[in-house]
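With the first letter of the sequence shown counted as 1, position 127 gets the number 127 in the UniProt record's numbering; the numbers rise by one all the way through. A short write-up of the structure that comes next.
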Amino acid sequence: MRAEERQHRILALARHQGQVEVTAMAADLAVAPETIRRDLGVLERRGLVRRTYGGAYPVEGAGFETDLAQRVTLHVADKRRIAAEAVKLLGESETVFVDEGYTPQILAALLPGDRPLTVVTASLSTAAAIADSPNTTVLLLGGRVRARTLATVGSWACAMLAGFVIDLAFMGSNGISRELGLTTPDPVVADVKAKAMEVSRRRVFMGHHSKFGASSFCRFAEIADFEAIVTDTGLSSAEAHRYALLGPRVFRV
């Protein structure tokens, strides 16, 4: 098998599974682990994957984005810790925007139910998960539903947001970097996120460390737009400090 064909298969599997392991790929393709490591190095230089200890995961871009079914199976323990830490920043907020994605969905379920709270979201999954909370009013943004993420997008969603003043936005992204800010593959998704940022008084970013240093197609925010960043300890303390120098407090859990 030629190197190009092998790399194509590795990338396809990474995108299907959400990640690949060197030893498993080496056994599957009947090559040495070092060959797979070289292939992953090529794919990483092309911006298609990011290396991890013993493997790699795909980088999301204009032509590729993981779906919700994959997100609910990856790094679940880390995402639960991130959400539990982020919800502590709620304070006295009465109106909250909860972004699409699995970590925000976990956070939504942790919001207090003992006081009135209004939650605005574009995520059908999040809205369904918290709709029966007796003290929570859930406002689901209208628009076209993206099958991949079960989130609404488009001019209707943005127009609804434009009429609100929201106390706190819990945001996610497909990539976050000090140089390029927060990015996502789809322009219509970026529009909704940017509008949510615009109408919110406070903003908190939540994301697994694998998002850091990655970039996608559409930028919707800068690091300095956030009061806090919540991630896991996979982000080094030195790198967390570099992000903190741009403005937000950085929490590693």
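All C-beta atoms in this analysis are idealised placements derived from N, C-alpha and C, irrespective of residue type, glycine included.
If you look at THR95, you'll find it in the beta strand (DSSP E) that goes 95–98. Boundaries for ILE176: no alpha helix (DSSP H) harbours it, while the beta strand (DSSP E) harbouring it runs 175–177, taken from the DSSP string. In the three-state reduction of the DSSP assignment, ASP167 falls in the strand class, which pools E and B. For GLY55, the uninterrupted beta strand (DSSP E) run begins and ends at 55–58, by DSSP.
Look at GLY181 here: in three-state DSSP terms it is strand. CA-to-CA, the gap between ALA169 and VAL87 works out to about 11 Å. For ARG144, the enclosing beta strand (DSSP E) starts and ends at 144–146. A Cβ-Cβ distance of about 6 Å is found for the pair ALA109 and ALA129, placing them in contact under the 8 Å criterion. Under DSSP, ARG6 takes part in no beta bridge, so it has no partner. By the Cβ-count criterion, MET1 is exposed, with fewer than 16 other Cβ atoms from all chains shown falling within 10 Å of its own Cβ. In chain order, GLY18 place their CB closer than 6 Å to the CB of LEU74, counting only its own chain and leaving out the 5 sequence neighbours on each side.
Take PRO33, set aside five residues on each side of it, and the residues of its chain with a beta-carbon closer than 7 Å to its own are VAL22, THR23 and ALA26, in chain order. Under the three-state reduction of DSSP output, ALA131 falls in the coil class, being neither helix nor strand.
The Cβ neighbour count for ASN135, taken over all protein chains shown within 10 Å, is under 16; the residue is labelled exposed. Going by DSSP, ILE82 is part of the alpha helix (DSSP H) stretching over 76–86.
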